[in-house]
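Numbering (the numbering used here), first residue to last: 402 to 632.
Inspection log for the structure reproduced underneath, given as structure tokens.
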Ligand SMILES: N[C@@H](CCC(=O)N[C@@H](CS)C(=O)NCC(=O)O)C(=O)O
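So this is what it looks like as structure tokens:
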């Protein structure tokens, strides 16, 4: 039976921009598993209430219901152990865990400043009051006051990504010679930015940019083919 995934969508249902959902889209492709994605909006809390919480991704595999991208990746490796591995043993898991924390604590705070207003502009009108109210309460400013320019975002991103840049000068992927969940944890963040914003947060001569290009090309260009505001 095909796996189903509730996937955050914009006003245009083909725009999918959740960093956590992208981790799992890439993870499912890595495993060679088919997925039917179901567009989900912030206002559709009742649609995923069966998962016992209110955030996506939510994955249904037969009668198994899963949420939280990290838990889903662990499930996929445990349940589909005969397929390409996402986190290779305790070391692979530790590397991916570092990548997800780096993504969430270093990359995402800068990316959020770059794209918060862009997200507001792509989401469905019905989602906007909730989004503005919840995000302005979280950041303590209006979306407009919080958002920084493209130049500022690139200037802040460059030093923040120094460890990733140094790593990618030594090897093509975060995981080494081939990509795995560590790469998908970081790449999800770049798909978030690409999905909602035309801002270029990386210089084209940045080794991180070259890695992002390689990631966009994986699995027959799965991510590159995804509609979004950015390129
Ligand atoms: N820890 C969760 C985070 C999931 C999450 O925060 N998803 C966002 C979309 S990117 C969401 O559904 N937010 C719902 C809301 O803000 O109401 C994971 O890794 O899956």
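We treat Cβ as the ideally placed atom computed from N, Cα and C, and that holds for glycine.
Grab me the residues of residue i's own chain with a C-beta within less than 7 Å of its C-beta, minus the 5 sequence neighbours each way, in chain order.
i	result
residue 470	421, 424, 425 and 458
residue 500	575, 583, 586 and 587
residue 478	486, 487 and 488
State the DSSP-derived secondary structure class of residue i, mapped to helix, strand or coil.
i	result
residue 623	coil
residue 437	strand
residue 603	coil
residue 442	coil
residue 410	strand
residue 508	helix
residue 473	helix
residue 552	helix
residue 617	helix
residue 462	strand
residue 494	helix
residue 595	helix
residue 577	strand
residue 568	helix
residue 484	coil
residue 467	strand
Given a threshold of 16 other Cβ atoms within 10 Å of its Cβ, counted over all protein chains shown, does residue i qualify as buried or as exposed?
i	result
residue 528	buried
residue 427	buried
residue 438	buried
residue 580	buried
residue 446	exposed
residue 483	exposed
residue 535	exposed
residue 558	buried
Going by the beta-carbon positions, is the gap between residue i and residue j smaller than 8 Å?
i	j	result
residue 551	residue 543	no
residue 598	residue 519	yes
residue 650	residue 523	Residue 650 cannot be examined here, being either before or after the span of the chain that is shown, 402 to 632.
residue 432	residue 485	yes
residue 434	residue 476	no
residue 548	residue 514	yes
residue 604	residue 566	no
residue 449	residue 429	no
residue 487	residue 495	no
residue 416	residue 596	yes
residue 460	residue 406	yes
Which residues in the same chain as residue i place their Cβ atom closer than 8 Å to its Cβ, once the five residues preceding and following it in sequence are excluded?
i	result
residue 610	603 and 604
residue 413	523 and 628
residue 545	518
Please indicate yes or no: does the CB of residue i lie closer than 7 Å to some heavy atom of ligand 3?
i	result
residue 440	With respect to ligand 3, the structure shown offers nothing to examine, as its ligands consist of ligand 1.
query = Any chance the stretch 588 to 597 sits against the stretch 618 to 632, with 3 or more Cβ pairs inside 8 Å?
reply = yes
At least three beta-carbon pairs within less than 8 Å, the stretch 432 to 445 to the stretch 519 to 533 = yes
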